[in-house]
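Let me begin by presenting the structure, written as structure tokens, before commenting on it.
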Amino acid sequence: MKFVRWLVLAAGLSFAALPLLWMALSSIKSREDAIRPHLNFAPALEAPADPHSFEFEATGSAYVQLSEVHAGAQASFWSHLWSSVVIGVLSTLASVALGTACALGFSRLAIRGEKDWLFFVLSTRFMPPLAVVVPVLLMYRTLDLQGTHLGLALLYTVFNLSLATWLMKGFLDEIPRAYEEAALVDGYTRAQALWKVVLPEARTGIAVTAVFCLISAWNEYGFAMTLNSSGAVTVPAYFAGLQGNIEGMPWPQIAAGALLFVAPIAVFTWLVRAHLLRGITFGTVKQ
Amino acid sequence: MSERGSRGLKLGLVAPALLLLVVFNVFPLVYNVVLSFTNAELVGDGSRFVGTANYARVFSDPLYSGALRRTALFVFCAGGLELALGFAFALALKREFRGKALVLTLALVPMMLSPAVMGLYWGLILNGNYGVLNQVLGELGLAQPQWLTDRSLKFWSILLVDVWMWTPFMALVSLAGLSSIPPQIYEAAEIDRASAWTVFRRITLPLVAPLLGLAALLRATDALKQFDLVMATTGPNDAATQTLSTLLYQVVFRDGKVGLGSAYACVVLVVVIALATVFTRYLDRLKGAQVPR
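Heads up: the sequence lines are chains A and B, in that order. Here our numbering is used: the first sequence runs in plain steps of one and ends on residue 287. Here our numbering is used: the second sequence runs in plain steps of one and ends on residue 293.
So this is what it looks like as structure tokens:
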């Protein structure tokens with residue numbers, strides 16, 4: 001029984017981690033080594049004498065080439081990464097601010113139809129981007145928002161509002177009401193009590209919510225590739241656009257770029273590990 | 001405090017978010033319905049009303065029924081496989097051991113990553129000629145199929161990537177369900193000399209089932225939207241892997257047929273809204289009952 005348990009653990013962990021390890025190895029290969037038909041997985045300082053050896057010569061050239069512009073793309077990886085950062089940060093700030101305010105209202109004030117509103121908020125998350133993108137596209141054309149950082153950031157703000165509201169509602173509901181009642185007795189107005197007493201108590205929740213909003217904006221692809229196919233292209237849309245590249249796929253650069261792109265997410269995953277379950281179930285399940 | 005001031009505070013807090021959600025969700029929905037009765041195109045204006053012609057085309061189109069069947073199969077297989085594997089992993093992870101937090105977090109990383117980027121990168125692993133999977137299979141003396149170009153395999157290869165990404169999600173939810181079962185129940189079962197299988201079937205499974213149901217529904221609504229992985233591996237116009245979302249993309253953005261695409265979108269939305277309703281009802285019922293904490 002114990003043996004089976006360790007076997008399952010080892011298998012699961014390898015299945016999850018090996019593709020990522022392979023990504024790291026591929027990123028330090030030359031293109032020839034990346035598409036060699038035989039297995040080569042051991043980095044070495046020099047090119048191996050035997051062409052069929054498991055070794056390959058480690059090189060950092062893929063990382064250097066990230067500043068090149070590939071066929072079928074308009075800018076280098078770095079400029080797309082910058083777009084991802086700008087859009088991710090802007091939309092995270094906005095959706096956390098709006099979502100926290102909304103959750104504060106639903107958590108602390110008696111609002112008519114609270115349950116229906118909250119379910120409406122949640123249901124917006126189920127919309128497939130491709131099914132609502134055409135009206136948004138036509139709207140953005142009129143407003144000149146297509147292919148801009150602002151346009152996509154705005155859309156992600158709305159897209160993440162459901163997540164931010166539900167997560168924050170969960171966190172805020174856990175803060176005892178006695179705190180603000182004491183503040184009200186001390187002569188605070190209701191708004192002051194919420195701002196100065198309840199919000200500071202929700203710091204962890206706000207940080208966790210921000211991380212999940214950022215990750216969700218960072219990874220989004222459907223809206224990114226349909227609305228921003230020519231300007232302010234984020235990394236997922238840029239990478240997927242390399243598919244079917246006439247010069248052949250620049251695999252080492254893709255591995256290098258993908259690694260740089262997902263590394264921050266791995267770090268964030270570690271930081272919010274205690275709240276992962278809550279984050280991916282919209283705060284409906286608490287650990 | 002005056003009633004008026006409290007009302008202002010309520011509005012100030014919830015109105016901005018709700019207003020944005022209404023503008024960006026209800027408006028596209030209504031506009032979609034309007035567009036679906038026209039022959040609007042992506043470039044050039046001057047569309048006219050065509051009645052239900054688009055809907056007639058949608059329901060007689062073999063592409064649509066194919067994409068619908070493929071999406072349903074995907075939702076079913078992805079949900080089932082991920083649930084089974086995730087639950088097995090959670091069972092193995094239940095007991096405490098040193099480094100458990102590290103193992104768990106490492107195993108969970110895939111679900112946090114970008115499906116589009118990882119889908120593209122999996123193309124390197126699964127490549128038929130120089131992919132590492134086939135290289136390993138070759139070293140073991142096994143067959144080396146063309147994972148992403150063989151017509152009968154492509155779909156399952158994409159499913160494999162999806163299983164890689166989302167099994168961690170099911171594992172995490174299962175683990176939460178398992179750890180919420182009070183140990184006294186197991187102790188009582190031990191006194192009664194219940195067999196391991198009986199304990200599993202009579203205690204473990206029924207107690208985690210509500211939570212697994214929630215996870216499966218959440219995963220199904222997500223898999224129904226399947227777009228990123230297909231786009232990054234085989235593209236939007238591959239007959240063997242086309243899902244509802246990629247078919248929509250093909251119709252609207254490659255063929256430029258906005259009117260027809262909107263009719264597709266409306267049909268898809270009906271399915272999504274139905275599933276979302278099931279989900280919220282389920283959630284409501286769970287909240288009324290005991291939600292494991």
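Every residue, glycine too, gets a C-beta built ideally from N, C-alpha and C.
Assignment of alpha helix (DSSP H) within the segment 180 to 268 of chain B, counting only whole runs of 4 or more residues, yields 183 to 191, 196 to 199, 205 to 223, 228 to 233, 244 to 249 in chain order. DSSP places A/E114 in the helix class (H, G or I) of the three-state scheme. By the Cβ-count criterion, A/V4 is exposed, with fewer than 16 other Cβ atoms from all chains shown falling within 10 Å of its own Cβ.
As DSSP reads the structure, A/E55 sits in a beta bridge with A/A42. Annotation: the segment 110 to 196 of chain A contains the following complete segments of the alpha helix (DSSP H) (minimum length 4 residues), in chain order: 114 to 123, 129 to 143, 149 to 173, 178 to 185, 190 to 193.
With contacts defined as CB atoms closer than 8 Å, A/K169 and A/F106 qualify as a contacting pair.
Chain-order list of chain B residues neighbouring A/C213: empty, with the shortest C-beta distance near 13 Å, by a criterion of under 7 Å. Cβ-Cβ distances below 7 Å link A/E68 to S76 in the same chain, with the five nearest sequence neighbours on each side left out; the list follows chain order.
Bounds of the alpha helix (DSSP H) holding B/F76 are 62 to 93. For A/A16, the enclosing alpha helix (DSSP H) stretches over residues 2 to 27. Within chain B, no residue has its CB atom less than 9 Å from the CB of A/Y140, the nearest being about 11 Å off.
In terms of Cα proximity to A/E55, the closest of A/I28, A/T148, A/L172 is A/I28. Look at B/F24 here: in three-state DSSP terms it is helix.
Close to A/Y156, with beta-carbon spacing below 8 Å, lies no residue of chain B; the smallest spacing is near 11 Å.
Around A/H38, the beta-carbon contacts reaching into chain B at under 7 Å are Q135. Residues of the segment 252 to 286 of chain A whose Cβ lies closer than 7 Å to any Cβ of chain B, in chain order: I254, A255, A258, F261, V262, I265, A266, T269, W270, R273, L276, L277, I280, T281, T284, V285, K286.
Close to B/E139, with beta-carbon spacing below 8 Å, are these residues of chain A in chain order: L39. The three-state secondary structure of B/F49, taken from DSSP, is strand. The beta-carbon separation of A/H275 and A/V198, rounded to 19 Å, does not stay under the 8 Å limit for a contact. In the structure shown, the three-state DSSP call for B/T167 is helix. B/N237 and B/Q250 do touch by the CB rule: their CB atoms are close to 5 Å apart, below 8 Å. Proximity of chain A to B/I125 at the Cβ level (cut-off 8 Å) is accounted for by P19, W22, in chain order. The alpha helix (DSSP H) runs of length 4 or more contained entirely in the segment 79 to 111 of chain A do not exist; there are none. Residue-level contact check: B/Y55 does not touch chain A, since none of the beta carbons of chain A fall below 8 Å from its beta carbon. The alpha-carbon of B/V230 is positioned some 20 Å away from that of B/P168. Residue state for B/E139 is assigned as helix, using DSSP reduced to three classes.
Approximately 6 Å separates the beta-carbon atoms of B/L104 and B/L93; this is inside 8 Å, confirming the contact. In this chain, the alpha helix (DSSP H) harbouring A/A240 covers 235 to 241. Using a CB distance cut-off of 8 Å, A/Y221 counts as an interface residue toward chain B. For the segment 73 to 98 of chain B, the set of residues with a beta-carbon nearer than 7 Å to any beta-carbon of chain A comprises A88, F89, A92, L93, in chain order.
Taking the CA atoms as reference points, B/L214 sits about 23 Å from A/V211. Distance from A/C213 to A/T165 at the Cβ level is roughly 11 Å; contact not present, criterion being Cβ atoms closer than 8 Å. Listed along chain B are A116, L120, M231, A232, each with a C-beta nearer than 7 Å to that of A/A240.
The continuous alpha helix (DSSP H) containing A/T269 extends over residues 251 to 271.
Between A/P236 and B/A223, the C-beta spacing is not below 8 Å.
The beta-carbon distance between B/Y186 and B/I158, rounded to whole angstroms, is 40 Å. This is too long to meet the 8 Å contact definition.
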